[in-house]
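Data first, discussion second: the structure below is written as structure tokens.
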Amino acid sequence: MSTTQAPPEPAPAAPAPQPAGPPRRPYLQQVLDSTTATVVTAVFLALLLAAVLVVAADPASQRAAVYLFARPSDFVGAAWNAVFETYSALFRGAVFDYQAVGARRVRPITETMVASVPLMLAGLGLGIGFRSGLFNIGAQGQVLMGAAAGAWVGVALDLPIVLHPVLACVAAVLVGGLWAGIAGFLKARTGASEVIVTIMLNSVALYFVGYLLTTSVLRQPGSTRPISAPVADTAMMPQLLGPQFRLHLGFVVALLAAVAVWWLMERSTLGFRFRAVGANQDAARTAGIKVPTVYVLVMLVAGGLAGLGGAMQILGTDRTFQGSSAGSIGFDAITVALLGRSRPLGTVLAALLFGALRAGSPLMQTSAGTPIDLVLVIQAVIVLLIAAPPLVRELSLVHRLSALLGYDRKEATA
Amino acid sequence: MKKIIRVAALGGAVALALAACGSAPEESGETPTSGGTTAAGVDFTACMVSDEGGFDDASFNESGYAGLERAQEELGIEIKTAESTDPSQYTQNVDSMVQQGCNLIIGVGFALEDAIQEGAEANPDIEFALVDSAFSDEDFAPVEIDNAKPLLFNTQEAAYLAGYLAAGMSTTSAVATFGGQPFPSVTIFMDGFADGVAAYNEESGTSVRLLGWDKDAQNGSMIGNFSDTEAGRTTSEQFIADGADVILPVAGPVGSGALNAAAQSEGTMVIWVDSDGYLQPQNEQYKSLILTSVMKQIATSVFDTISASVDGEFSNEPYVGTLENGGVDIAPFHDFEDAVPTELATKLEELRQQIINGDLVIESPSANAVG
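Going down the list, the sequences are from chains A and B. Okay, so the first sequence: first residue is 1 according to the UniProt record's numbering, each after it adds one. Okay, so the second sequence: first residue is 1 according to the UniProt record's numbering, each after it adds one.
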């Protein structure tokens with residue numbers, strides 16, 4: 001298809017031209033400038049910063065800090081205790097619980113996988129938007145609408161076992177996609193900023209769903225509570241590892257979705273158009289790509305994935321739907337997509353990281369007494385650092401030490 | 001520039017050093033632990049899971065937490081808490097409490113019904129309690145669980161008295177109410193309030209209007225959350241413009257928005273909810289506007305439940321807070337003590353007696369059938 005296009009499109013990920021001309025940069029320089037190094041360093045720094053906050057919030061450390069110089073060992077011991085307890089609780093809650101017995105030892109890692117499913121799906125959708133130049137802030141509303149649609153199909157329809165979850169997912173994809181499509185359509189037609197429209201649609205979705213929960217459409221019959229009835233057994237996603245784990249088929253669906261998104265963006269002509277518009281929409285238009293159509297299509301796909309993520313929350317774990325079922329998935333997914341550099345593999349890994357933070361937080365609270373806000377701080381710091389690679393290089397000890405070996409931070413590509 | 005940073009750093013270091021110069025305590029064997037040290041050393045752990053409001057919601061989560069803290073101080077037990085940020089964490093948090101070896105696990109809010117019920121059925125040797133909701137089976141029929149105790153409140157009884165009082169105090173013949181979200185624990189206030197206003201009208205032949213709630217249609221003003229104080233203020237201003245001079249905001253901390261609006265309009269009064277608003281430090285500035293409060297003693301019920309459980313006297317029988325047992329009530333009039341006519345105050349006392357005797361039953365679709 002690209003035979004008619006005169007100028008070859010530049011690689012979309014790197015808008016800066018990369019002619020073969022300049023001398024090859026040293027290997028060390030390349031490794032340390034890579035996004036992977038930045039991301040890993042950012043995560044590490046965030047955990048380090050959170051450790052400082054843990055110590056600051058720990059009553060025992062506070063007491064010991066008063067006589068820091070009289071007996072420093074007390075403070076160091078207390079601080080080490082607090083940090084160790086917090087992070088070991090995070091590890092036990094999210095990866096492997098070495099204090100438990102039997103199947104419960106490996107349950108945490110499956111909990112991490114469960115928590116990552118909606119983040120993964122919504123994050124993949126957002127990633128497509130980011131690479132196509134659309135800053136979609138509306139995943140929250142799309143997740144909520146998808147969850148509502150999935151729940152409605154799961155509760156109201158009476159269908160056989162395989163068809164039921166499939167249809168519920170299809171409904172969620174359609175509703176989520178159409179919800180996002182509104183923003184895409186408005187941008188394509190009128191040029192309305194997708195940022196503002198999607199933010200507004202989040203509120204509309206929240207209150208619309210809130211209204212539906214007070215009507216017989218979603219509300220559990222015979223109750224005055226704004227909660228739906230539990231979805232039928234036939235509509236639940238099949239459990240992968242039996243009843244003592246919550247891991248469900250949705251995890252596999254999310255991984256397949258990641259592969260599909262990779263294929264879409266890297267191998268299909270449609271994905272090429274998406275990326276072309278993201279790299280330079282004027283050039284894309286000159287090359288004959290219908291930019292408005294691309295806007296609508298991108299939003300449809302992104303919203304569909306987010307809606308599917310919402311349905312997974314209901315059909316996979318929650319069973320009942322309520323106004324707050326989406327939690328903060330839609331906004332966390334923005335972080336996930338940014339952390340994953342909008343690439344499918346990166347998004348999957350970032351979603352697993354955030355899933356781990358989520359899965360580990362109950363045990364951090366109950367076992368180590370760490371406030372849940374700290375998990376949110378870690379997430380926020382990761383975002384801050386990811387947004388500014390030069391800042392990471394400035395703060396990173398590895399980068400500083402590497403300067404001795406000839407690494408140049410000023411030379412680094414941003 | 002560099003110099004400034006160096007000076008600042010040096011200053012900081014000096015400040016830190018001075019702050020850290022305290023003398024070390026004697027090594028008395030008592031090593032500080034990060035958990036709370038128990039006073040009496042009772043081997044009992046009470047745990048609490050909040051709903052998504054968190055324990056600092058200035059509403060029922062906070063009340064529940066106050067009861068838990070009191071138990072920690074007075075009974076010398078260990079406590080553990082977990083806040084939930086969204087519904088998918090309820091099950092996980094309850095499960096985590098089970099793993100931590102809690103003796104009693106208390107869920108705050110009807111949203112935790114499923115999680116608590118599931119936990120109670122799976123762990124028959126752990127005791128559970130749930131604030132603001134009873135349990136129901138798959139067909140929504142009420143069920144009893146051997147090891148789970150619902151903590152319920154006949155809030156409509158106290159709200160009825162508040163409605164009667166409001167209608168009696170209104171000089172503009174209009175009172176108003178609004179809620180945070182249409183939850184049963186919110187609309188139960190509004191139902192009782194509506195009935196109280198209607199009762200006053202019937203009794204005295206007046207026609208005081210109620211804005212913001214239609215009990216028959218179960219529909220009225222909701223601002224959509226429990227945090228947007230500004231929305232509470234604009235909603236209240238609207239009611240005041242429509243002629244209302246007594247406002248009942250049923251939305252936790254949003255009530256301060258109603259106080260703010262009332263302060264701008266001479267003669268407007270506010271009825272607080274959950275606890276005595278007159279005594280709350282954050283209402284200090286506007287406390288003279290608070291006519292009374294519809295109080296719900298969640299903290300007391302939580303404390304009593306823990307206390308019974310510590311003594312091995314836990315029962316799954318629902319606790320129902322009523323006017324009779326003091327679980328719900330209206331607060332003293334404080335600054336309005338002289339403004340409330342003696343006749344009205346006497347009548348309220350009469351009504352209270354009638355409700356306690358069972359001669360007068362206040363109905364609400366949101367009231368729990370048990371008890």
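Here a beta-carbon is modelled for each residue, glycine too, at the ideal position from N, C-alpha and C. Note that the structure is a prediction, hence the values are computed from the model and not measured.
- Within 7 Å of the CB of Q313 of chain A, the CB atoms of chain B belong to S88, in sequence order along the chain.
- Below the 7 Å Cβ cutoff, chain B contributes A82, Q89, Q92, N93 and S96 as neighbours of P362 of chain A, in chain order.
- A straight line joining the alpha-carbon of F274 of chain A with that of A42 of chain A spans about 29 Å.
- Closest in alpha carbon position to I227 of chain A, among A:T234, A:D233 and A:R219, is A:R219.
- By the criterion of a C-beta distance shorter than 6 Å, A78 of chain A is surrounded in its chain by A60, S61 and A64, once the five residues flanking it on both sides are discounted.
- The alpha-carbon separation between M145 of chain A and A356 of chain A amounts to approximately 25 Å.
- Ranked by how close their Cα comes to the Cα of G326 of chain B, the residues B:S84, B:R352 and B:F55 have B:R352 in first place.
- Chain-ordered, the chain B residues with CB closer than 8 Å to the CB of P226 of chain A read Q181, P182 and F183.
- Counting along the chain, the unbroken alpha helix (DSSP H) around C169 of chain A starts and ends at L163 to T190.
- Taking the Cα of V95 of chain A as reference, the smallest distance to any Cα among A:A168, A:Y207, A:L376 and A:M364 is reached at A:M364.
- Within the region 78 to 140 of chain A, the runs of alpha helix (DSSP H) at least 4 residues long that lie entirely inside it are, in chain order, 107 to 131.
- Residues of chain A whose Cβ lies closer than 7 Å to the Cβ of Q100 of chain B are, in chain order, T366 and S367.
- Residues of the region 297 to 324 of chain A that bring their beta carbon within less than 7 Å of a beta carbon in chain B comprise Q313, T317, D318, T320, Q322 and S324, in sequence order.
- The closest CA to that of T45 of chain B, considering only B:E69, B:S63 and B:A58, is found on B:E69.
- Under a criterion of Cβ atoms nearer than 7 Å, the residues of chain B adjacent to T214 of chain A are, in order, P182.
- Here the C-alpha atom of G360 of chain A lies approximately 7 Å from the C-alpha atom of A89 of chain A.
- P341 of chain B sits in coil when the DSSP states are folded into three classes, being neither helix nor strand.
- Residue environment: S170 of chain B is assigned as buried (16 or more neighbouring CB atoms within 10 Å of its CB, all protein chains considered).
- A residue is called buried when at least 16 other Cβ atoms come within 10 angstroms of its Cβ; F84 of chain A does not meet this threshold and is exposed.
- With respect to the C-alpha of A260 of chain A, the residue from A:F354, A:V76, A:P344 and A:L48 having the closest C-alpha is A:P344.
- Within the region 36 to 120 of chain B, the complete alpha helix (DSSP H) segments of 4 residues or longer fall at 60 to 75 and 88 to 99, listed in chain order.
- For A115 of chain B, none of the residues of chain A pass the 8 Å Cβ criterion, the least Cβ distance being about 10 Å.
- Remark: C-beta atoms of G177 of chain A and G307 of chain A approach each other more closely than 8 Å.
- In this structure, L315 of chain A lies near P165 of chain A, with their beta-carbon atoms less than 8 Å apart.
- Residue range T269 to A279 is occupied by the alpha helix (DSSP H) that includes T269 of chain A.
- Against chain B, a Cβ distance below 9 Å from G210 of chain A picks out Q181, P182, M222 and G224.
- As DSSP reads the structure, L151 of chain B sits in a beta bridge with B:V131 and B:Y319.
- Its chain contains G180, Q181 and A231 as the residues whose beta carbon lies nearer than 8 Å to that of G224 of chain B, once the 5 sequence neighbours on both sides are disregarded; these appear in chain order.
- Residue burial is scored here from C-beta neighbours: E317 of chain B has fewer than 16 other C-beta atoms within 10 angstroms and is therefore classed as exposed.
- Here DSSP, grouped into helix, strand and coil, assigns D329 of chain B to strand.
- Annotation: the continuous alpha helix (DSSP H) that includes L49 of chain A extends over T35 to A57.
- In this structure, the CA atom of T305 of chain B is about 37 Å from the CA atom of W80 of chain A.
- Annotated as distal: L112 of chain B and D57 of chain B, with beta-carbon spacing of 8 Å or more.
- Distances from the alpha-carbon of A148 of chain B to those of B:E138, B:A162, B:G107 and B:L165 put B:G107 closest.
- When the alpha-carbon of L119 of chain A is set against those of A:F331, A:R105 and A:E394, the nearest one is in A:F331.
- Residue environment for P389 of chain A: buried (at least 16 other C-beta atoms within 10 angstroms of its C-beta).
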